[in-house]
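S.K.: Sharing a structure below in structure tokens format, with a few things to ask.
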Ligand code: H53
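In full-length UniProt numbering, the protein residues as written are 2 to 835.
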């Protein structure tokens with residue numbers, strides 16, 4: 002069990018102001034004190050890692066008064082609170098972000114310099130809290146940043162995984178997974194709150210009994226009880242005193258186990274039971290989109306949702322607010338279906354524990370919950386087998402049956418005689434083995450349902466949730482995703498930040514639409530050349546990183562063409578590869594071919610059990626090995642795979658991109674948020690009309706976006722008609738040659754087996770229409786090459802991308818959620834500190 006180093010907190014307010022001063026001298030004293038009193042290290046022997054912890058603790062001290070004051074303000078003012086329920090928060094390192102948001106960067110640099118230390122080296126010592134897989138988890142982290150910055154009262158609720166997303170190593174071109182021991186050296190940002198803990202039942206059966214008034218009630222007699230402990234992390238807003246809370250739950254055994262076993266003498270059984278309880282929050286499931294269907298995953302979901310709802314009820318009690326007013330005080334947002342068991346859990350808490358009647362409990366539940374859908378992929382829509390669900394959550398199944406009975410009565414009343422519709426909409430799927438459909442539970446139990454980009458919401462309303470949209474059109478809305486400009490521009494791209502500050506002032510940090518004013522500078526050649534110099538320095542920085550990580554040397558003068566995201570067939574990293582190999586073949590055939598030199602950079606993790614995704618990684622590395630070593634092509638083409646794509650190295654990658662690859666099959670990527678991070682940093686996009694690409698293109702203008710490929714409608718039509726990938730192969734000799742080359746073992750020292758499954762997947766079924774989009778993609782890349790050959794034109798387009806990305810700030814997205822779904826007002830917090 003890892004323990005958090007704690008500081009000597011709680012000094013009297015008078016002393017506190019002095020102790021937590023924001024000037025370099027006070028900060029320096031704080032670092033020195035923590036090194037001595039919290040860490041116990043001699044300065045002469047202290048490593049950068051020791052200084053990291055000392056600085057982190059000193060910075061946390063400086064958050065503490067704001068944090069406490071924020072909580073106190075919300076409590077005093079009795080305001081509505083947004084509770085963002087998410088199984089993932091992909092936070093990334095805290096230190097630099099907190100320094101930025103507190104305005105402490107220069108003070109920290111100075112304080113460390115006085116101690117003979119370098120801030121950037123210290124920042125690099127922080128282990129990354131990778132409590133998420135990809136887009137969904139990172140979105141939750143961006144939203145926390147915006148909620149605090151915009152002074153919205155909010156709490157993030159999630160799981161304190163002991164092991165976050167695995168660390169990816171590349172060995173012989175293959176992905177190897179290593180456990181992520183991010184808590185190994187303690188976590189200076191969190192504060193354990195052992196007194197905030199709840200019991201969570203699991204398994205067993207239900208019983209009816211009569212209460213004192215003779216009313217019939219239900220009791221859940223669990224097989225097992227686990228305790229959830231709160232660990233709080235401060236989420237400091239930028240430039241405000243608001244410091245919100247991220248509350249993550251960690252599982253522990255309840256003491257009663259130990260006593261029971263002690264009495265029966267079965268000490269080992271007691272310890273084993275304890276271990277079983279604590280596995281609930283051990284590890285993050287490393288699957289991004291596909292639902293996994295494992296019992297432990299259901300346990301994780303129920304565990305954190307139950308703790309969170311019990312916590313909301315406890316706070317309501319503390320405030321003396323009757324439970325009937327729950328929905329006036331809480332807006333509870335479901336980040337995908339992962340927390341959707343919350344609908345049944347709140348019903349259980351209100352009915353079985355608070356003794357409300359059904360109608361009242363249901364009105365509260367629907368008024369409190371909102372549901373965000375993040376995917377249309379059928380394999381990602383969560384369902385639980387009915388027998389498994391009954392075994393784990395018997396009371397919830399009864400409640401879900403009752404919700405369903407009442408709901409289907411409503412459907413029948415509205416659409417008499419339409420039993421096919423009833424079957425489609427039921428919370429219980431009857432195709433094959435019976436399942437509980439979590440997206441249906443979330444939709445029925447929420448007053449608001451949203452998709453994450455305009456196209457995605459549109460498809461949601463017309464396909465996956467079409468029946469629900471027909472029944473309740475007023476519940477549906479779109480909330481296009483956004484990203485935080487604090488982390489993904491100010492922190493990630495200090496060069497561009499300085500230019501923006503100098504050119505526009507600093508309000509762009511809290512009003513990203515202010516970047517529009519960049520357009521006035523586009524015709525200034527000096528400005529463009531400064532822009533290029535910044536991009537060049539960012540490319541140098543990334544090239545250095547890639548060289549140390551992989552040994553591949555890249556030239557910053559080349560076009561940096563980058564695709565970083567989870568490896569998935571629908572995201573089509575293999576389409577990118579087909580283009581690279583097309584250029585490779587063309588160059589081999591004609592060494593004098595006039596194509597601009599390009600560095601193709603990839604990064605991303607594959608789910609450990611995803612066979613084809615792992616082969617795609619292997620193929621990228623195999624192609625990289627061949628091309629980078631071939632003097633006939635390596636003065637024009639290079640390929641690099643950045644191992645272990647995570648938040649930290651993402652901050653090096655986005656600012657260095659010239660070209661952003663957003664090439665998913667239209668209709669498959671709900672939104673994408675990497676696309677926005679690239680745009681923010683002045684990369685041009687090559688992409689399909691998918692997810693938020695559609696809106697990016699609208700904002701930046703058709704002439705500044707490299708569009709190719711089938712539309713979502715065309716994809717759907719082709720698939721309905723019976724898509725045959727072989728047709729595309731017959732009509733395209735170059736494509737066939739490239740596939741043959743992969744299949745022949747050319748990139749695998751003659752081994753014709755290793756990539757056969759990939760090639761066959763494309764030639765036999767091609768579920769994501771890679772071959773259908775190939776020719777359009779290659780042609781579009783030729784337009785990219787010709788635009789690149791005119792640096793002044795390219796720079797204008799790049800500046801326009803940054804200038805027009807204002808819509809994609811998570812601040813805009815959060816304001817929409819607050820106004821249109823949560824009914825939430827900002828609350829000014831004043832920390833009363835010097
Ligand atoms: O959520 C992102 C989207 C992205 C979508 C992603 C996502 C996950 O990362 C995991 C599960 C899931 O259902 C969806 O793939 O398109 O941008 C945030 O909305």
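Yeah, the Cβ is synthetic: ideal placement off N, Cα and C, and Gly gets one too.
Just curious, the alpha helix (DSSP H) that residue 82 is in, first and last residue?
M.R.: The sequence position of residue 82 within the chain shown is 81, counting from 1. That residue, residue 82, is in no alpha helix (DSSP H); its beta strand (DSSP E) goes 82-86.
S.K.: Between residue 753 and the ligand H53, is there a pair consisting of the residue's CB and a ligand heavy atom that are separated by less than 7 Å?
M.R.: Translated into positions along the chain shown, residue 753 becomes position 752. Every heavy atom of the ligand H53 is 7 Å or more from the Cβ of residue 753, so no.
S.K.: Does at least one heavy atom of the ligand ADP sit under 7 Å from the Cβ of residue 690?
M.R.: Although the ligand ADP was asked about, the structure shown includes only the ligand H53 as ligands.
S.K.: In whole angstroms, what is the alpha-carbon distance linking residue 830 and residue 405?
M.R.: As a working mapping, residue 830 is identified with position 829 in the chain shown. As a working mapping, residue 405 is identified with position 404 in the chain shown. For residue 830 and residue 405, the distance between alpha carbons rounds to 43 Å.
S.K.: For residue 195, name the three-state secondary structure that DSSP assigns.
M.R.: Position 194 of the chain shown, counted from the start, is the residue given in the question as residue 195. It is a strand residue.
S.K.: Return the CA-CA distance between residue 329 and residue 294, expressed in angstroms with no decimal places.
M.R.: Here residue 329 refers to the residue found at position 328 when the chain shown is read from its first residue. Here residue 294 refers to the residue found at position 293 when the chain shown is read from its first residue. Cα to Cα, the separation comes out at about 34 Å.
S.K.: Between residue 249 and residue 268, is the Cβ-Cβ spacing less than 8 Å?
M.R.: Counting from 1 along the chain shown, the entry for residue 249 is found at position 248. Counting from 1 along the chain shown, the entry for residue 268 is found at position 267. Result no, Cβ atoms of residue 249 and residue 268 do not sit closer than 8 Å.
S.K.: Starting from the N-terminal end, write out each residue whose C-beta falls within a distance shorter than 6 Å of any non-hydrogen atom of the ligand H53.
M.R.: Taken from the N-terminal end onward, the list reads 134, 135, 136, 137, 140, 289, 290, 337, 375, 376, 381, 453, 482, 670, 671, 672, 673, 674, 692.
S.K.: According to DSSP, is residue 756 part of a helix, a strand, or is it coil?
M.R.: The count along the chain shown starts at 1 and reaches residue 756 at position 755. Residue 756 falls in the coil class under three-state DSSP.
S.K.: Could you give the distance in angstroms between the alpha-carbon of residue 723 and the alpha-carbon of residue 730?
M.R.: The residue labelled residue 723 in the question sits at position 722 within the chain shown. The residue labelled residue 730 in the question sits at position 729 within the chain shown. Using only the alpha carbons, I get a separation of about 16 Å.
S.K.: Between residue 684 and residue 659, is the Cβ-Cβ spacing less than 8 Å?
M.R.: Position 683 of the chain shown, counting from 1, holds the residue named residue 684. Position 658 of the chain shown, counting from 1, holds the residue named residue 659. A contact, by the Cβ cut-off of 8 Å.
S.K.: Less than 8 Å between CB atoms is the rule here; does residue 600 satisfy it with respect to chain B?
M.R.: No chain B is present in this structure, which holds just one protein chain.
S.K.: In whole angstroms, what separates the C-alpha of residue 825 from that of residue 664?
M.R.: Taking the first residue of the chain shown as position 1, residue 825 is located at position 824. Taking the first residue of the chain shown as position 1, residue 664 is located at position 663. Roughly 36 Å between the two C-alpha positions.
S.K.: Indicate whether residue 412 and residue 304 have their beta-carbon atoms separated by less than 8 Å.
M.R.: Mapped onto the chain shown, residue 412 falls at position 411. Mapped onto the chain shown, residue 304 falls at position 303. Not a contact, by the Cβ cut-off of 8 Å.
S.K.: Measure the alpha-carbon distance for residue 688 versus residue 136 and round it to whole angstroms.
M.R.: Taking the first residue of the chain shown as 1, we reach residue 688 at position 687. Taking the first residue of the chain shown as 1, we reach residue 136 at position 135. In a straight line, the C-alpha of residue 688 is about 18 Å away from that of residue 136.
S.K.: With DSSP collapsed to three states, give me the class of residue 553.
M.R.: For this step, residue 553 is matched to residue 552 along the chain shown. Coil, per DSSP.
S.K.: On the three-state DSSP scale, how would you describe residue 202?
M.R.: Here residue 202 corresponds to residue number 201 of the chain shown, with the count starting at 1. Strand, per DSSP.
S.K.: Where does residue 402 land, buried or exposed, given buried means 16+ other C-beta within 10 angstroms?
M.R.: Residue 402 sits at position 401 when you count from the first residue of the chain shown. Label assigned to residue 402: exposed.
S.K.: Buried or exposed: which applies to residue 648, given that a residue is buried once 16 or more other Cβ atoms fall within 10 Å of its Cβ?
M.R.: In the chain shown, counting from the first residue as 1, residue 648 sits at position 647. The residue in question, residue 648, is buried, as its Cβ has 16 or more Cβ neighbours within 10 Å.
S.K.: Is the beta carbon of residue 123 less than 8 Å from the beta carbon of residue 113?
M.R.: If you number the chain shown from 1, residue 123 lands on position 122. If you number the chain shown from 1, residue 113 lands on position 112. Contact: yes.
S.K.: Using only the alpha-carbon positions, how far apart do residue 442 and residue 473 sit?
M.R.: The residue you call residue 442 lines up with position 441 of the chain shown. The residue you call residue 473 lines up with position 472 of the chain shown. Taking the straight line from one Cα to the other gives about 14 Å.
S.K.: For residue 808 and residue 515, what's the separation of their Cα atoms in angstroms?
M.R.: Along the chain shown, read from residue 1 onward, the residue named residue 808 stands at position 807. Along the chain shown, read from residue 1 onward, the residue named residue 515 stands at position 514. Rounded to the nearest angstrom, the two C-alpha atoms are 11 Å apart.
S.K.: Name the DSSP bridge partner or partners of residue 235?
M.R.: Residue mapping note: residue 235 aligns to position 234 of the chain shown, counting from 1. According to DSSP, which records beta bridges pairwise, residue 235 is partnered with 246.
S.K.: In whole angstroms, give me the CA-to-CA distance for residue 454 and residue 310.
M.R.: Looking up residue 454 in the chain shown gives position 453. Looking up residue 310 in the chain shown gives position 309. Taking the straight line from one Cα to the other gives about 29 Å.
S.K.: Would DSSP call residue 478 helix, strand or coil?
M.R.: What you label residue 478 is simply residue 477 of the chain shown in a count that begins at 1. DSSP places residue 478 in strand when its eight states are reduced to three.
S.K.: On a Cα-Cα basis, can you pick out the residue from 182, 337, 460 that is closest to residue 440?
M.R.: The count along the chain shown starts at 1 and reaches residue 440 at position 439. For residue 440, the nearest C-alpha among the options comes from 337.
S.K.: If you follow the beta strand (DSSP E) that residue 175 is in, where does it begin and where does it stop?
M.R.: Here residue 175 is taken as the residue at index 174 of the chain shown, counted from 1. Start and end: 175-179.
S.K.: Taking only runs of the beta strand (DSSP E) that begin and end inside the region 413-476, which ones reach a length of at least 3 residues, in chain order?
M.R.: Within the region 413-476, the complete beta strand (DSSP E) runs of at least 3 residues are 436-438, 449-452.
S.K.: Could you tell me which residues DSSP pairs with residue 331 in its beta bridges?
M.R.: Here the question's residue 331 lines up with position 330 in the chain shown. Answer by DSSP bridge pairing, in chain order: 82.
S.K.: How is the alpha helix (DSSP H) around residue 737 delimited, first residue to last?
M.R.: For the purposes of this step, residue 737 is identified with residue 736 of the chain shown, where counting begins at 1. Per DSSP, residue 737 belongs to the alpha helix (DSSP H) from 734-744.
S.K.: If you compare alpha carbons, which of 101, 206, 144, 287 is closest to residue 162?
M.R.: Mapped onto the chain shown, residue 162 falls at position 161. Checked all of 101, 206, 144, 287; the closest Cα to residue 162 is 287.
S.K.: Between the C-alpha atoms of residue 1 and residue 333, what's the straight-line distance to the nearest angstrom?
M.R.: Residue 1 is absent from the structure shown; the chain starts at 2 and stops at 835.
S.K.: Which residue marks the beginning of the alpha helix (DSSP H) containing residue 603, and which one marks its end?
M.R.: For the purposes of this step, residue 603 is taken as the residue at position 602 of the chain shown. Counting along the chain, residue 603 falls outside any alpha helix (DSSP H), though it belongs to the beta strand (DSSP E) covering 599-604.
S.K.: Taking only runs that begin and end inside the region 648-691, name each unbroken beta strand (DSSP E) of 3 or more residues, in chain order.
M.R.: As far as the region 648-691 is concerned, its whole beta strand (DSSP E) runs of at least 3 residues are 660-663, 685-688.
S.K.: Rounded to whole angstroms, what is the Cα-Cα separation between residue 502 and residue 796?
M.R.: Taking the first residue of the chain shown as position 1, residue 502 is located at position 501. Taking the first residue of the chain shown as position 1, residue 796 is located at position 795. Near 19 Å, if we compare the C-alpha coordinates of residue 796 and residue 502.
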